[in-house]
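Asks:
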Ligand code: PMV
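In the UniProt record's numbering, the protein residues as written are 1 to 333.
1. Do residue 80 and the ligand PMV come close, with the Cβ less than 7 Å from some heavy atom?
2. Please state the DSSP three-state secondary structure of residue 302.
3. Return the chain-ordered ranges of every beta strand (DSSP E) run that is complete within the UniProt domain "GHMP kinase N-terminal" (84-172) and spans a minimum of 3 residues.
4. Use the C-beta contact count for residue 1: other C-beta atoms within 10 angstroms, 16 or more gives buried, fewer gives exposed.
5. Spatial neighbours of residue 155 within its chain, please: C-beta separation below 7 Å, excluding the five flanking residues on both sides.
6. Just the C-alpha distance for residue 273 and residue 186, rounded to the nearest angstrom, thanks.
7. So the candidates are 4, 305, 5, 330; which of them puts its Cα closest to the Cα of residue 193?
8. For residue 162 and residue 152, I'd like the C-alpha separation in whole angstroms.
9. Could you tell me if residue 136 is buried or exposed, where buried requires 16 or more neighbouring beta carbons within 10 angstroms of its beta carbon?
10. With a CB to CB cut of under 6 Å and the five nearest residues on each side skipped, what residues in its chain are close to residue 177?
11. Can residue 155 be considered in contact with the ligand PMV, in the sense that its beta carbon sits closer than 7 Å to one or more heavy atoms?
12. Would you say residue 15 touches the ligand FMN, meaning its beta carbon is less than 7 Å from a heavy atom?
13. Threshold first: 3 residues or longer. Then list the beta strand (DSSP E) segments lying entirely within the region 187-268, N to C.
14. Which same chain residues, not among the five before or five after residue 65, have their C-beta less than 7 Å away from its C-beta?
15. Under a Cβ-count criterion, where at least 16 other Cβ atoms within 10 Å of its own Cβ denotes burial, should residue 282 be classed as buried or exposed?
16. Cα separation between residue 290 and residue 15?
17. Below 7 Å, is the gap between the Cβ of residue 178 and the nearest heavy atom of the ligand PMV?
18. How about residue 298 and residue 309: are their beta carbons less than 8 Å apart?
19. Once DSSP output is grouped into helix, strand and coil, what is the label at residue 329?
20. Ends of the beta strand (DSSP E) at residue 12?
21. Can you tell which of 48, 140, 190 has the C-alpha that lies nearest to the C-alpha of residue 251?
22. Consider the Cβ of residue 29: report whether some Cβ of chain C lies at a distance smaller than 8 Å.
23. Please return the same chain residues whose Cβ sits closer than 7 Å to the Cβ of residue 165, not counting the five positions on each side in sequence.
24. Strictly by DSSP, which residues pair up with residue 286?
25. Compute the beta-carbon to beta-carbon distance between residue 47 and residue 4, rounded to the nearest angstrom, for a pair I have assumed lies under 8 Å.
26. Are residue 227 and residue 253 touching if we call contact CB-CB under 8 Å?
27. Measure how close the beta-carbons of residue 80 and residue 117 come, nearest whole angstrom, since I'm counting them as under 8 Å.
28. Cβ of residue 322 within 8 Å of Cβ of residue 30?
29. Sorted by chain position, which residues of the same chain lie with C-beta nearer than 7 Å to residue 130's C-beta, five sequence neighbours on each side aside?
In structure tokens form, the structure reads like this:
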């Protein structure tokens, strides 16, 4: 059996705008998806997902494109999870030129699904890595990131940036602008995450921004303003420029970024109320992270105040401090 894990992430800046070629800075966090893979001697794929939902499920099918089996959990959950596992299996088969390889796969994840913390990217990265290693091939990390991107793009009808998958494969903070992906140095920021227990539909939210942008010049300007904001933010993040007050400035930019995202229609009542709870508790700044619509916010606060405030905020189901994950994909066994 071969086991790989990969981290989730938060966006410090730049989600949505990154889809249109603007830069974004995601940052890997210590919440991981772990995928265990065992090769089979037929071409079937059996997937057991224990932590993706409270229920968990097991499905077995022959080939990646066969019909979905009957399972007693919400269809949307199975579809979401299986879509990424299918796409990861396809990429692994292609990478090692074994189109009929079969696998027993088990997924365990402490990253809430569809909540803006990059759960699908982490499962895809860890899945491709474990499946290819199980067949005797160790992919270089950049190739792994590239294949994970192609898997995500296939599931999301081409509407994906390289940001999530690159960040999950490499770990740390990264900067992504179109096809240009690089690791950047960033201080270990005092990140606090609030989760409303819900999820947004990434495809739908991306399509909504695309439609607004096509209809109104000022929406297109908002997207390029986010790009400018990211360029300012990355200068402040650069440890060489680190100065007194830089946390406060980063926070201010996060607040600004949240406002721009809200104007593009991707925030929600619960995300806004967590953002405001964090600000009122004294956080330097707070914004939604990922596609939005529901899910998580990220705030910057070195004191315990934001964490405590979020724990008492109606609509916030879980709040935790997020440590920067310096490791990306980790070869566990
Ligand atoms: O919610 P997540 O973690 O899937 O992040 C989506 C980020 C977007 O910029 C909206 C889409 C993308 O592929 O970059």
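Beta carbons: idealized from backbone N, C-alpha and C, even for Gly. Predicted model only: the values in this text are computed from it and were never measured.
Replies: Checking against the coordinates, here is how it stands:
1. no
2. coil
3. 102-109
4. exposed
5. 83, 84, 87
6. 28 Å
7. 305
8. 9 Å
9. exposed
10. 23
11. no
12. Ligands in the displayed structure: the ligand PMV; the ligand FMN is not one of them.
13. 191-195
14. At residue 65, the pLDDT of 42 sits below 50, so the modelled position is not reliable and the matter cannot be decided from this model.
15. exposed
16. 6 Å
17. no
18. no
19. coil
20. 2-13
21. 190
22. In summary, chain C is missing from the structure at hand, where a single protein chain is found.
23. 121, 124, 125, 145, 148, 149, 152
24. 299
25. Their Cβ separation, rounded to whole angstroms, is 15 Å, which puts residue 47 and residue 4 out of contact at 8 Å.
26. no
27. The Cβ separation is near 14 Å, so there is no contact.
28. yes
29. 2, 3, 4, 35, 36, 37
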